[in-house]
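Chemist: Before anything else, here's the structure in question.
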Amino acid sequence: MIPRLDETQELPQTVRVPGYRRADHGVGIVHIGLGAFHKAHQAAYTDDALAEFGGDWRIAGISLRSDAPSRELQPQDGLYTLIERDVSGSRARVIGSVATAFCLQTDRHAVEEALLAPGTRIVSMTVTEKGYGLDRSTGGIDPEHPAIQSDLSQPDAPQGLAGLLVWALGQRRTLGLPPFTCLSCDNLPENGAVLRGLLVDFARHAAPDLVDHIAQDVAFPGTMVDRITPARTQDTLDLARRMIGFQDDAAIETEGFHQWVIEEHFPTGRPRWEAGGAIFTDDVQPYETMKLRMLNGTHSMLAYAGFAAGHRYVRDVMADPDLSRLVSRHLRAAAATLPPLPGVDFANYAKQLEERFRNPHLAHETFQITMDGSEKLPQRVFAAVSEARAMGCDTRPFAFATAAWLRHISRSTHDCAPYDLRDPRADALTDMAHGKDAHEVVTAIRAASFMPQAVTWDDAFWNEVTDILHAMLTRPMTEVIAQETT
Ligand code: CS2
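Structure, rendered in structure tokens:
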């Protein structure tokens, strides 16, 4: 039986360990969404900041639903191995910035205590696009979202992000404590402003006396976050055991590359994340748009097309010459929709992205990226369509990506085995697309409430989508891809 990683273990010299005495640093951050991405990204930056600049900035990690992350981390004193993998090799480091871990379902009292602690100055989050319960057409709450629905009826026992944050901000005000800064780290355009709009609208419905407080006294800096982090597998745990010599049930793997661009607006203070390479700026939006359209938009295209063409991992997609050409094409088309960003060369950025997608050591499943398309496509692909149209640029790559998504939601098995559709709107999408022809699917999707208005009217775009989708629903994906590149 191999002993578990915890604070008492001596680690091999090859493993990078926290460069600070953990017990000397109090908790200053509560993070909601204790998944692999947080552990690979913000927690690693915080580990660097603590080592270089110190401060009471350790993290209390919270999961809203699953107790797996806290069950893995608690017996390890919050420690876990982060394995960085790329062409230069695999490097293991043990991260010490997570002080405690809780699950709202099983440790509500501890979660509340952490949110109301006087030392808590930042509440950050990675809850994915669907975790917000956002109605994109209004920018406010989606009353149909399960968490929003339940939190509106029981605002004192919140289950979801908006309910929990509004409750905690209200309690802090009653207790005479300053509000915490709310830091969204999800792949949403203008994530800070979006979160602010969401909380203000939630308060309007559930706690009207807090509306002005949230709108005026709470900071919501925007961020662009980037690090490709595959879902953890048994191989990750085995590799961690070999690298550190101990059992680590919380280990994760990620790429070497990481980027964090943050709006400098932290009235309650912040860790010196510059230590990990974070960039602070007054305007994050151009970086967000670039990343969402180039990295994430291309990711979605290659995941839908690649999955249907039988490629399990992103690296396999990149090894397919036809698909790799479509990846370059999508990157170019996305770049053409962007306003210039001083200091950034989009062609270089595209080249770097292709190298990252090619990373032979990262087992990043295309199926993982296919998840939640109805929440992702609006900012990744549709937002680019209206701008490409206005600028007279090519929209074909976006039509191809959209058709590949629609082929995915159709769950057609004419050229592949059955698979699950993982999307918060899976039932509605299945009704729109399963067993339907291309024209029917497109008509239904254009009328769907979650589709951005700006793109639904564009007949020329949807005609292109219909043609490509027809081919994808009637012929093998590999053939459609090959034809697209000729
Ligand atoms: C991916 C992202 O799963 C997905 O949809 O596009 O998680 C992507 O890996 C990250 O945004 C990279 O920073």
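Those letters in the sequence shown? Residues 10 to 495, per my numbering, in order.
Yeah, the Cβ is synthetic: ideal placement off N, Cα and C, and Gly gets one too.
Across the region 286-296 and the region 389-401, are there enough close Cβ pairs to call them in contact, namely three or more that are closer than 8 Å?
Modeler: They do not touch, by the three-pair rule.
Chemist: For G444, count neighbouring C-beta atoms within 10 Å of its own C-beta (all shown protein chains included) and say buried if the count is 16 or more, exposed if not.
Modeler: Classification of G444: exposed, given that the 10 Å Cβ count is below 16.
Chemist: Expressed to the nearest angstrom, what Euclidean distance is found between the alpha-carbon atoms of H423 and R321?
Modeler: Each residue's alpha carbon lies about 18 Å from the other.
Chemist: If the criterion is Cβ atoms closer than 7 Å, does the pair R281 and A58 meet it?
Modeler: Yes, the Cβ-Cβ distance between R281 and A58 is below 7 Å.
Chemist: With a cut-off of 8 Å on the beta carbons, I'd call R431 and D381 a contact; round off their distance for me.
Modeler: With a Cβ gap of about 7 Å, R431 and D381 count as contacting.
Chemist: For H417 and A447, which I take to be in contact (beta-carbon distance under 8 Å), what is that distance rounded to the nearest angstrom?
Modeler: At roughly 14 Å, the Cβ-Cβ gap does not stay under 8 Å, so H417 and A447 are not in contact.
Chemist: Under a three-way DSSP split, which group does D235 fall into?
Modeler: Strand at D235.
Chemist: Expressed to the nearest angstrom, what Euclidean distance is found between the alpha-carbon atoms of E363 and Q268?
Modeler: Straight-line Cα distance between these residues: approximately 16 Å.
Chemist: Can you name the start and end residues of the beta strand (DSSP E) that G98 belongs to?
Modeler: It spans G98 to I104 - the beta strand (DSSP E) in which G98 sits, taken as one unbroken run.
Chemist: Would you say D429 touches the ligand CS2, meaning its beta carbon is less than 6 Å from a heavy atom?
Modeler: Answer for D429: no, Cβ out of range of the ligand CS2.
Chemist: Report whether the distance from the Cβ of D95 to the nearest heavy atom of the ligand CS2 is below 6 Å.
Modeler: Because no heavy atom of the ligand CS2 lies under 6 Å away, the Cβ of D95 does not count as near it: no.
Chemist: Of the residues I271, A249 and I71, which one's Cα is nearest the Cα of M233?
Modeler: Looking at the Cα atoms, I271 is the closest of the given residues.
Chemist: If you follow the alpha helix (DSSP H) that T475 is in, where does it begin and where does it stop?
Modeler: Element bounds for T475: D468 to T483.
Chemist: Taking the alpha carbon of L350 as the reference point, which residue from E121, K300 and G315 has its own alpha carbon closest?
Modeler: Among E121, K300 and G315, the Cα nearest to that of L350 is on K300.
Chemist: Contact between the region 12-20 and the region 192-206 is defined here as three or more beta-carbon pairs at a separation below 8 Å; is this criterion met?
Modeler: Because the criterion of three Cβ pairs below 8 Å is not met, the region 12-20 and the region 192-206 do not touch.
Chemist: Could you pull out every unbroken alpha helix (DSSP H) segment of at least 4 residues lying fully inside the region 369-397, listed in chain order?
Modeler: Segments of the alpha helix (DSSP H) lying fully in the region 369-397: 375-379 and 382-386.
Chemist: Are P406 and R338 close, meaning C-beta to C-beta below 7 Å?
Modeler: Yes, these two residues count as a Cβ contact at 7 Å.
Chemist: Quick check on the burial criterion: 16 or more other C-beta atoms within 10 angstroms. Buried or exposed for H118?
Modeler: Classification for H118: exposed.
Chemist: Roughly how far, in whole angstroms, is the beta-carbon of F211 from the beta-carbon of A260, given that I think they are within contact range, below 8 Å?
Modeler: Incorrect: roughly 36 Å between the Cβ atoms, too far for contact.
Chemist: By Cβ distance below 7 Å, which residues in the same chain neighbour T465 in space, the five residues on each side in sequence not counted?
Modeler: Closer than 7 Å at Cβ, skipping near neighbours: R455.
Chemist: Quick check: what's the CA-CA separation for E273 versus G285?
Modeler: Looking at the two C-alpha atoms, the distance is approximately 16 Å.
Chemist: DSSP three-state call for S162: helix, strand or coil?
Modeler: In this structure, S162 counts as helix in the three-state DSSP scheme.
Chemist: Say whether the region 94-103 touches the region 64-83, bearing in mind that this needs 3 or more beta-carbon pairs closer than 8 Å, one atom from each stretch.
Modeler: Verdict: no, contact absent.
Chemist: Which complete beta strand (DSSP E) runs does the region 54-99 hold, if anything under 3 residues is left out?
Modeler: Counting only runs of 3 or more, we get 67-72 and 89-95.
Chemist: Mind checking D354: buried by the 16 CB within 10 Å criterion, or exposed?
Modeler: Counting Cβ neighbours within 10 Å, D354 comes out exposed, since fewer than 16 surround it.
Chemist: I'd like the list of long-range same chain contacts for R213, defined as Cβ closer than 7 Å, with 5 residues on each side in sequence excluded.
Modeler: Answer for R213: V220, listed in chain order.
Chemist: When the distance is taken between beta carbons, is P188 closer than 7 Å to V227?
Modeler: Yes, the Cβ-Cβ distance between V227 and P188 is below 7 Å.
Chemist: Using a threshold of 7 Å, state whether the C-beta atoms of T238 and A45 are closer than that.
Modeler: Yes, the Cβ-Cβ distance between T238 and A45 is below 7 Å.
Chemist: Roughly how many angstroms lie between the CA atoms of V120 and E384, to the nearest whole one?
Modeler: Whole-angstrom Cα-Cα distance: 28 Å.
Chemist: Please tell me whether, using a cut-off of 6 Å, the distance from the CB of I237 to the nearest non-hydrogen atom of the ligand CS2 is below it.
Modeler: Because some heavy atom of the ligand CS2 lies under 6 Å away, the Cβ of I237 counts as near it: yes.
Chemist: If T375 sits next to G315, beta carbons under 8 Å apart, how far is it from one beta carbon to the other, in whole angstroms?
Modeler: Right, the Cβ-Cβ distance comes to about 5 Å (below 8 Å), so this counts as a contact.
Chemist: Could you give the uninterrupted runs of the alpha helix (DSSP H) lying entirely in the region 287-367, keeping only those of 4 residues or more?
Modeler: Segments of the alpha helix (DSSP H) lying fully in the region 287-367: 294-299, 306-317, 323-327, 330-345 and 355-367.
Chemist: Rounded to a whole number of angstroms, what is the C-alpha to C-alpha distance between P79 and C112?
Modeler: The amino acid at residue 79 is misidentified as Pro; the sequence shows Ser. Those two C-alpha atoms are separated by around 6 Å.
Chemist: Does any heavy atom of the ligand CS2 sit closer than 6 Å to the C-beta of I418?
Modeler: No.
Chemist: For the candidate residues D467, A426 and H373, whose alpha-carbon lies nearest to that of D95?
Modeler: When only C-alpha atoms are compared, the closest one is H373.
Chemist: Please find out if some non-hydrogen atom of the ligand CS2 comes closer than 6 Å to the beta-carbon of H308.
Modeler: Yes.
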